[in-house]
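In mature numbering (1 follows the signal peptide of the UniProt record, and there is no 0), the protein residues as written are -26 to -1, 1 to 424. Virtual Cβ for every residue (Gly too), placed ideally from N, Cα, C.
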């Protein structure tokens, strides 16, 4: 049986539910030895009105190259490609984070491509929603509705979570209506899953399923600790391994969208890798947690803060990090201009430095999926030689097409690629198959995108 990672938005399906006849049960005692039975009901009565259903509809547009044999019959005026439109509908969940402004946070994959977004409130009302902004790399979107008597959810400091803390997941799985499940925090700082470009997930065993995307993961006080996003399981079913985007990460992104209308990603200006056994042994370290710095970019925030190649970054603002991917996700979502305290190890000594993050821009980075759908999952940046692949998410379309970190795109078919702008234009104008000319180390090869 194949295990796969699945995003949690659900397509609307017709289903018939066979209702079992009601049976009588003995009354459940409200007290035992004079003490009230413990229950999550009071907390949920306060919290569940802040969790909504998100129904979307739209049209997927796809282009298919017309076979040469048909163009032969219809002559030189025959179309080069055929455009097909396919309507879609979907369901997900969302969380009201600001009742006064009507702000709702959900996952980007829930609303991506939607022409119409409707919100189902806890009291039965249905209202139209407007998309304020989204960030595909972290899978966060901000919606806004106009409605009175809304309930917002309070947030907790997700950096203070510990493995073993109790969790409650609230959402709308399979379109059945609002559902509540409980569990614990199974792990923190999960990354390298290939779900999103920026991964720093809370892992929980609270049962979450398709349709829970964008729903709330809360603590026993009813405070938001994360936004449910994905699960691991055979055929997309729940097996007790679910992932949520931490609340602090969500609010960092939402604050940027509200202020700027977009996410202005923070940049430290380093490349690196996870600290593994071999590196730890080579540097005489007891720890195996942290991000090893391979390279520091000139005039970057890292260089200005005194970070050097060979340093091992171990903490951000006093919070320990486990992997380079976790470091990358936290830095990217803090936002340009954020002041950050980094803890690092150099020559066996623990040190700290303060840096002000730079801003990612089109000259340095781009969302690869916006350049070409089969490049999704890669990070792109300009170099003197062409467009460099600075990172590739495991299991992403870019990885499946054979791209590796460090590859440099120098051409498409017979056209030279100078930078991201020209790459995007060439691929936009290209119909049918595109062959990327890649420089990999001292070798050159072609990778075909279909």
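- Beta-bridge analysis with DSSP links residue 177 to 161, 217.
- Shown here, residue 32 sits in a strand according to DSSP, grouped into three states.
- Your pair residue 199 and residue 156 does not check out as a contact, with CB atoms roughly 13 Å apart and the cut at 8 Å.
- Shortest Cα-Cα distance from residue 106 to any of 121, 124, 98, 76 involves 76.
- Take the alpha-carbon of residue 351 and the one of residue 411: they are about 19 Å apart.
- With the rule of 3 Cβ pairs closer than 8 Å, the region 148 to 155 does not count as touching the region 219 to 231.
- For residue 270 against residue 243, the beta-carbon gap comes to about 7 Å, under 8 Å, which counts as contact.
- When beta bridges are read from the DSSP output, residue 247 appears opposite 266.
- Below 8 Å, enough C-beta pairs join the region 55 to 74 and the region 179 to 192 to call them touching: three or more.
- Apart from the 5 residues on each side of it in sequence, residue 366 sits with its Cβ closer than 7 Å to the Cβ of 351, 352, 372, 373, 377, 378, 379 in its chain, given in chain order.
- Of the other Cβ atoms in all chains shown, 16 or more fall within 10 Å of the Cβ of residue 21; this residue is therefore buried.
- Judged by beta-carbon spacing, residue 275 lies beyond the 9 Å limit of residue 317, meaning their Cβ atoms are not closer than that value.
- In the assembly as shown, residue 387 is an exposed residue. Its beta-carbon has fewer than 16 other beta-carbons within 10 Å.
- Under the three-state reduction of DSSP, residue 152 is assigned to coil, being neither helix nor strand.
- Secondary structure of residue 127 (DSSP, three-state): coil.
- For the pair residue 223 and residue 161, the CB atoms are not nearer than the 9 Å cut-off.
- Residue 262 is classed as exposed because its beta carbon has fewer than 16 other beta carbons within 10 Å across all chains shown.
- Distance from the CA of residue 87 to the CA of residue 61, rounded to the nearest whole angstrom, comes to 11 Å.
- For residue 140, the enclosing beta strand (DSSP E) covers residues 140 to 145.
- By the C-beta density criterion, residue 422 is exposed, having fewer than 16 other C-beta atoms within 10 angstroms.
- In terms of Cβ geometry, residue 116 and residue 70 do not form a close pair [threshold 9 Å].
- Per DSSP, residue 183 lies in no alpha helix (DSSP H) segment and is marked neither H nor E.
- Our two residues, residue 402 and residue 347, have alpha carbons roughly 11 Å apart in a direct line.
- Straight across, the Cα-Cα distance linking residue 23 with residue 173 is about 29 Å.
- Our two residues, residue 120 and residue 202, have alpha carbons roughly 24 Å apart in a direct line.
- In the DSSP assignment, residue 298 falls within the unbroken alpha helix (DSSP H) covering 298 to 308.
- Considering only 193, 129, 127, 130, the residue with the shortest C-alpha distance to residue 159 is 193.
- For residue 20, the uninterrupted alpha helix (DSSP H) run begins and ends at 15 to 21, by DSSP.
- Residue state for residue 226 is assigned as helix, using DSSP reduced to three classes.
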